[in-house]
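Numbering of the sequence shown is given in numbering that gives the first Met the number 0, commencing with residue 0 and proceeding in unit increments. Every residue gets a Cβ at the ideal spot worked out from N, C-alpha and C, and that includes glycine. Since this is a predicted model, take the numbers as computed values, not measurements. Written below as structure tokens is the structure these notes are about.
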Amino acid sequence: MDQYIMIYMPTADYSMVDRVLGEVAEQVTPSPKEIEKVDGVAKSVLEKIRGALEFSKFGPEIILGGSYARNTWLPLEADIDVFLRYPTNVTRKELEEDSYRISCKAFGEENLVIRYAEHPYTETYVDNVRVNVVPCYKVEIGNWMTAADRSPYHLKFVKENITREQTLDVRLLKKFLKSQGIYGAEIKVGGFSGYMCETLIYRYGSFKNLILNAAKWKPPIIITDKDKFDEVKEKFKGDKIIITDPVDYNRNLGKALTIKSLAKFVLACRSFLKKPTKEYFTVSGKKIKPKDLEDNILLENVIALLFEHEKMSADILWGMLYKTLNHFKKQFNENNFRVARTVAVSDEKSYSAYLFLFETKQVSEYETRIGPYIFDEENFEKFVTKNLDNSYILWVNEEGKICALKKRNISKAKKLLEEMLKDPIKYGASRKIAETLKNGKVYAGKEILEVEKDELWSGVIELLEPGEKKYFS
Numbered sequence: 000m001d002q003y004i005m006i007y008m009p010t011a012d013y014s015m016v017d018r019v020l021g022e023v024a025e026q027v028t029p030s031p032k033e034i035e036k037v038d039g040v041a042k043s044v045l046e047k048i049r050g051a052l053e054f055s056k057f058g059p060e061i062i063l064g065g066s067y068a069r070n071t072w073l074p075l076e077a078d079i080d081v082f083l084r085y086p087t088n089v090t091r092k093e094l095e096e097d098s099y100r101i102s103c104k105a106f107g108e109e110n111l112v113i114r115y116a117e118h119p120y121t122e123t124y125v126d127n128v129r130v131n132v133v134p135c136y137k138v139e140i141g142n143w144m145t146a147a148d149r150s151p152y153h154l155k156f157v158k159e160n161i162t163r164e165q166t167l168d169v170r171l172l173k174k175f176l177k178s179q180g181i182y183g184a185e186i187k188v189g190g191f192s193g194y195m196c197e198t199l200i201y202r203y204g205s206f207k208n209l210i211l212n213a214a215k216w217k218p219p220i221i222i223t224d225k226d227k228f229d230e231v232k233e234k235f236k237g238d239k240i241i242i243t244d245p246v247d248y249n250r251n252l253g254k255a256l257t258i259k260s261l262a263k264f265v266l267a268c269r270s271f272l273k274k275p276t277k278e279y280f281t282v283s284g285k286k287i288k289p290k291d292l293e294d295n296i297l298l299e300n301v302i303a304l305l306f307e308h309e310k311m312s313a314d315i316l317w318g319m320l321y322k323t324l325n326h327f328k329k330q331f332n333e334n335n336f337r338v339a340r341t342v343a344v345s346d347e348k349s350y351s352a353y354l355f356l357f358e359t360k361q362v363s364e365y366e367t368r369i370g371p372y373i374f375d376e377e378n379f380e381k382f383v384t385k386n387l388d389n390s391y392i393l394w395v396n397e398e399g400k401i402c403a404l405k406k407r408n409i410s411k412a413k414k415l416l417e418e419m420l421k422d423p424i425k426y427g428a429s430r431k432i433a434e435t436l437k438n439g440k441v442y443a444g445k446e447i448l449e450v451e452k453d454e455l456w457s458g459v460i461e462l463l464e465p466g467e468k469k470y471f472s
């Protein structure tokens, strides 16, 4: 394999790393009993889909995909994708309607949830295993009509290029990423997709070799074939990390990876190599309780906004949540309420919440407005006219500018947030949640702990005790 990757070959003794990886290997590998169960589910799913094809107008080809088909799934987390490949003469509308009809006949409409990517697909659960039915077109490589058209080729690539031994490496990587909270390419996470994990193991050969190299990464990071390097570097100029899709070199698998998730991965790799423990492969299942939070001295500087909303696609919801949160944070900073950190949480069904950690929740009741130079007579006169009657004093500062000391309209962060909720759109909120924001509830400090919402409490923990702290110990 001729790949343009600077392989870092360490001389240090990493026997402890090998020991930990050996201990974790069993935890990330499904048991024979679970494999047998999921095999049975997959067989049942295929039978249901095949039986439902009689209701199809086009008879699409069926391909079994997902982490199950690629043999890279984690225990209790198998997912089965069923790709329905349609002829290219089928319209997009026909494709969507026909695949939905097949799903309804196979699993019952009442058991389906419609998800959205580039186009709608259906999700259901069969014996606690997630099953996605995804329509796509049967096309040659490069002639993509939808993003999902690549998926059958991804499956073929992984099955042909990831060895049985490397499936363990993929599982180790997935578990490592999950423990850091950076697994999943959805908007909520902005992390590593399953196929990206498989591609990284293909490129670096093993989990250990990947993290040894990733610990030294500095953007821009380019992971591609040697003969594609210059072309890829120019095509994706400006991207912090470029991981070309082996099936489609015009696609950067790292596009959806946020700089924060990338940084956390590099930091986790460094930290794990310095002090390897199984903690880096452990996802906390601890249930948060108010008493875990009430003694945190920073709690008094936290303000929460809790609001209800209708159920919608998770990616649509999180896109709106992050957009609105960024605008609200900007308003706080522009009004001198310095925001240290923010967190958004949601049950993705009926409510969401924002959490703000402030350096201070209250600023001085007074503010200084600095006007134009005295020599700018026209603008000087405008400033004086506007501020003369509602200022305590006016004066000329050392730079020769007119200044006014005024009473600040809002001196408390909670009050400013309540003001923004009166007209959320004015302050940058997404229109689809603007009306529900108007009815949102604002809580400060220990008031937050009186609200019985698990996601809210988890958000406070994330805000005040970020998972990154283990990297610095």
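Item                                                                                                                            : Value
Other residues of its chain near A352: CB distance less than 8 Å, five sequence neighbours each side excluded                   : A303, L304, L305, F306, A343, V344, S345, K452, E454, L455 and G458
Minimum length 3: unbroken beta strand (DSSP E) runs contained in the stretch 83 to 142                                         : 112 to 115, 119 to 125 and 128 to 136
Contiguous beta strand (DSSP E) assignments of at least 3 residues, all confined to the stretch 372 to 412                      : 390 to 395 and 400 to 406
Length at least 3, wholly inside the stretch 425 to 459: the beta strand (DSSP E) runs in chain order                           : 440 to 443
Minimum C-alpha distance to E366 - residue among K385, R407 and A313                                                            : R407
Under 8 Å between C-beta atoms of Y248 and K227                                                                                 : yes
Whether N378 touches A403 by CB criterion (8 Å)                                                                                 : no
Pick from E347, Y120 and Y182 that is closest to G193, judged by C-alpha positions                                              : Y182
Assigned secondary structure, D422 (DSSP; H/G/I helix, E/B strand, else coil)                                                   : coil
Close beta carbons around K47, own chain, < 6 Å, minus the five adjacent residues each side                                     : A105
Beta carbon of P245 nearer than 8 Å to that of Y201                                                                             : yes
The stretch 320 to 328 contacting the stretch 381 to 396, beta-carbon criterion three pairs below 8 Å                           : no
Rounded distance between the beta-carbons of N334 and L415, thought under 8 Å                                                   : 6 Å
N- and C-terminal bounds of the beta strand (DSSP E) containing S283                                                            : Taken as a continuous stretch (DSSP letters only), S283 belongs to no beta strand (DSSP E), as it is neither H nor E.
The stretch 421 to 434 / the stretch 390 to 399 touching (three or more Cβ pairs under 8 Å)                                     : no
Euclidean distance between Cα positions of E464 and L73                                                                         : 27 Å
7 Å CB neighbourhood of E364 in its chain, flanking five on each side removed                                                   : K406, R407 and S410
Nearest-angstrom Cα separation, counted from I242 out to M0                                                                     : With a pLDDT of 35 at M0, under the threshold of 50, the predicted position of this residue should be treated as unreliable, though the coordinate-derived value follows. Spanning the two alpha carbons is a distance of roughly 16 Å.
Residue from S390, L324 and E230 whose Cα sits closest to the Cα of G427                                                        : L324
Assumed close pair G190, N131 - CB separation to whole angstroms, cut-off 8 Å                                                   : About 19 Å separates the two Cβ atoms, so there is no contact after all.
Straight-line Cα distance separating K137 from M319                                                                             : 33 Å
Residue range of the alpha helix (DSSP H) that includes V342                                                                    : That residue, V342, is in no alpha helix (DSSP H); its beta strand (DSSP E) goes V338 to S345.
For E293, the three-state DSSP class (helix, strand or coil)                                                                    : coil
Contacts around G444, its chain only, beta-carbon distance under 7 Å, and the 5 residues preceding and following it disregarded : L298, E299 and V301
C-beta atoms of V125 and V16 nearer than 8 Å                                                                                    : no
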